[in-house]
Every structure is written in structure tokens, then in C-alpha cells.
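Student:
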Amino acid sequence: MSTRTANLNRWEAPSGEFNLSRLERVIYGPGKIATLNEEMERRELGRAVVVTTDAVAALPILEQVTGALGSRCAGVFSGVVQHVPRGTVNALAKELERLHADSAVSFGGGSPIDSTKVALYGLLPARELVHIAVPTTLSAAEYTHAGGVTDEATRVKSGVYDPRVMPRTVIADPALTLATPDWLWVTTGMRALDHAIECAYAIRHQPLSDALAAKAIALLVEHLPASIRSEGGERLAHRSHCQAASWFSIYGAMNTRFGLSHLLGHQIGPKWDVPHGVTSCITLPNSMRFMARVAPQRFGPVAEGFGIAFDPAHPTPAALACADRAHEFIAQFDVPKTLGEAKVPRQEIGQIVGPILNELRHHEVVDRPVTEAEVLALLESCY
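Residue numbering for the sequence shown follows full-length UniProt numbering, beginning at 1 and increasing consecutively.
Laid out in C-alpha cells, this is it:
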């Protein structure tokens, strides 16, 4: 268990611990999907099931993954859907067993990656399969040991947390992202921005996560807009930088935990079928404004990433400016920016206040107790 890094003044030595994950290798750059077979051979694996969605399975890029696997491809499971319903996970686990898989290659965004994690968790302890991830979005799910799963009856999301289910290798090939719809690419980029910012101002923030968060924010600000507005090799380069930002945004997050924006998204997403990238577009700026008044002293890395001057002696103005900058950054894209635009019924929003408060009680993400009225006001501010 990671210990909290104290909020120390600039002349005191930081103290804490940073736990490393079971992620062993990140292979990145154009054309790197060709290394997949070599990676399987290095790990002495012979029966991989590719896990993806119907939409991705219908694209020619699937053949690049199965082709790279060659005879080591035992099958393709393309039944993954958004928010990872429990029934889909159970079907995937059965397919992995039926095909006698020794590994799973999750291919796509956060849903295939989380579906794979949760399915592998269900096979433990009898069988521990190797997970290799090939992301096509910026959700960064491939860099964590956590997987979300939704109860279809209640539409409430819960999670599994186990280092044995996280990918051992990530292959981040920007060429495979070119078929990703712009709206999905941008909104998952906002998810990465959300990761970076909430890692930085987390109570349990770490020196390493602070440095990586600042870099992730700066990379996204510079490269995300260009990654959908440029062409050819320039577009590929911008996307590769965005993939690096995604990686940096969440690396070591098991040591820090996320904050209010993520907690709101956990409940909004499955309840009204809103993609988590979209929830970040909506909840991040107002969650930042809340935290700017609670813990402005922890906004230093966020300010650095946005290029905003930060005075530790008087941090609140810079912290609020960071929230404004995040709002302005999101505003330039054609994505939902309010709960109303995401078609979340205003008269129903009170239904998730209780679950959010429950998450707040179980996760150390705000420095003081948060009231029911404050949660409701925060949700209302997102309309």
C-alpha cells in the first residue's frame, strides 16, 4: 500500500513510497504492431485471443493484429460493449477457456482493455493468462491494474483491482489510431487530461506522478488539436505524442488515486450510457474549481503543464486559472460540454448523489468531508 506523500514546504525532504506495477514493456511508434509476434515468442506464448468490439473488428486494422500474431492467434472475441456489462465479461471468460488461451490481446479503447482485465480476474487463481494491450484511443486503461464492470440490472459500476490482470506489454502504434473517430480520440484525450490533473492534485500525489502529469498536460495541449487537424506523417507524429501523454497521465496511478471528476464519471457513465471520455469533458473543469478552493497548493504541476505562473504562497488564483484553462481547452472541440448536451435528464441527477457520497467515503480524494448539498451543487454546475 502506498503511503501518502506529505504536503511539505520547498525546503523539506519528500517522504513516502512508490509501488511499481507489473507492466514490463511499452513498445511505441509507427509500425510497432509488427513486434507482436516477437513479443509472444519472447514470452513463450502460443494461443492468444484478440479482444475487441464489433466496430473495430469490422475495420482492416484488425487484420494487422491477427496477421502479426500469425499462427499464435487462437481466435477473436468481438462482443465487447461500452461500460463492460457483467454478461459480456462472463462470455469472454468462457471463450478464453474454450479456446485454451494462454494470453489475451486487448485491442481498442478502454472497454476491450477493461473487459479483458475483469475476465482474467474471473479466471484467477486457477489460471493466470498474460495480457498484452494494443490501444487505439487515449483512455490509458492499459496502464492500470484496475478494471470497471457494470451490473446490467442496477447500471452501477464496480471495479476489480489486481496486478495480475494488467497488461505486461503495451504496444502503442499511432498508425492503428488513424481509424479511430475524431470524437472518440478527442474525448479519450480529455480522459487522459483528467487522469493527469487528478493525479497531480491528489492527496496521495507523488513526485514522479507530479512530473509526469505536468508533461502529459503540456503534450496534450500542444498535440491533441493538431492530431485531428493535420494530415499524413505530421498527423502520425502528433498522435504518437498524444499516446505518450496518455501513458504519462496515469503511470503509477495506483499510488495516487483519482478525484472528484472521476467519481462523478463513474456514476454518470453507466447510468445514462455516457462514454467516460465525454464525462471528463463535462465534469473536469467544475471539479477543478471545487478542488482549487480545497487544495490549491497542489495545483503546481497542473499550472506548469498549462504554462500558468504559480505562486506557492498564494496558490488559489493560479489554481482557479487552471480550471479556466481546462474549460477553454475543451471548448475548442466539438464534444458535449454539459450534462444537458450529453442528454442526462436533470430531474434524475439526484439519483447518483448517494453513490457518489459512498465512493467519497471509501476513497481518500478530498481533504475534508463533502456534503450531499455540495455534490448536488457540483452536478448542477455541469448543466
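Beta carbons: idealized from backbone N, C-alpha and C, even for Gly.
Look at the alpha carbon of G380 and the alpha carbon of M291, and state the distance between them as a whole number of angstroms.
Tutor: Going by the sequence as given, residue 380 is Glu instead of Gly. So the alpha carbons of these two residues sit roughly 16 Å apart.
Student: Report all residues from its chain with a CB closer than 6 Å to the CB of A321; omit the five preceding and five following residues, and keep chain order.
Tutor: Excluding sequence neighbours, A321 sits near I308.
Student: Which of the three DSSP states is assigned to D54 in this structure?
Tutor: Helix at D54.
Student: Are S249 and A172 touching if we call contact CB-CB under 9 Å?
Tutor: Cβ distance not < 9 Å, so S249 and A172 don't count as in contact.
Student: Does the ligand PLP have even one heavy atom less than 8 Å from the beta-carbon of D367?
Tutor: Among the ligands in the structure shown, none appear at all, so the ligand PLP cannot be discussed.
Student: Please report the distance separating the alpha-carbon of V49 from that of E359.
Tutor: Rounded to the nearest angstrom, the two C-alpha atoms are 34 Å apart.
Student: For D54, which option in E41, Q82, H195 and M40 has the closest C-alpha, if you only look at C-alpha atoms?
Tutor: The residue with the shortest Cα to Cα distance from D54 is Q82.
Student: On the criterion of 16 or more Cβ atoms from any shown chain inside 10 Å, does E39 qualify as buried, or is it exposed?
Tutor: E39 should be labelled buried.
Student: Pull up the distance between the alpha-carbon of A58 and that of L138, whole angstroms please.
Tutor: Each residue's Cα considered, the two are about 20 Å apart.
Student: Would you call T338 buried or exposed, if buried means 16 or more other Cβ atoms sit within 10 Å of its Cβ?
Tutor: Exposed.
Student: Report the rounded CA-to-CA distance for R361 versus L260, giving the unit in angstroms.
Tutor: Taking the straight line from one Cα to the other gives about 12 Å.
Student: Beta-carbon separation of L99 and A119 under 9 Å?
Tutor: Contact: no.
Student: Taking buried to mean at least 16 other C-beta atoms within 10 Å of its own C-beta, is N7 buried or exposed?
Tutor: Because the pLDDT of N7 is 49, which lies under 50, any placement of that residue in the model is unreliable, and the number read from its coordinates should be weighed accordingly. N7 should be labelled exposed.
Student: Grab me the residues of A377's own chain with a C-beta within less than 8 Å of its C-beta, minus the 5 sequence neighbours each way, in chain order.
Tutor: Excluding residues within five positions, none has a Cβ falling inside 8 Å.
Student: Leaving out the 5 sequence neighbours to the left and right, which residues in its chain are closer than 6 Å to P312 when beta-carbon positions are compared?
Tutor: The answer is none, since no qualifying residue turns up.
Student: Whole angstroms is fine: what's the gap from P275's alpha carbon to G269's?
Tutor: One C-alpha to the other measures close to 6 Å.
Student: Identify whether S2 lies in helix, strand or coil by the three-state DSSP scheme.
Tutor: Note that S2 has pLDDT 42, beneath the 50 cutoff, so the model's placement of it is unreliable and no number is given.
Student: Where do the N-terminal and C-terminal ends of the beta strand (DSSP E) with H362 fall, by residue?
Tutor: Here H362 belongs to no beta strand (DSSP E); instead the alpha helix (DSSP H) covers V353 to H362.
Student: Taking C-beta to C-beta, are Q243 and T177 nearer than 9 Å?
Tutor: Contact: yes.
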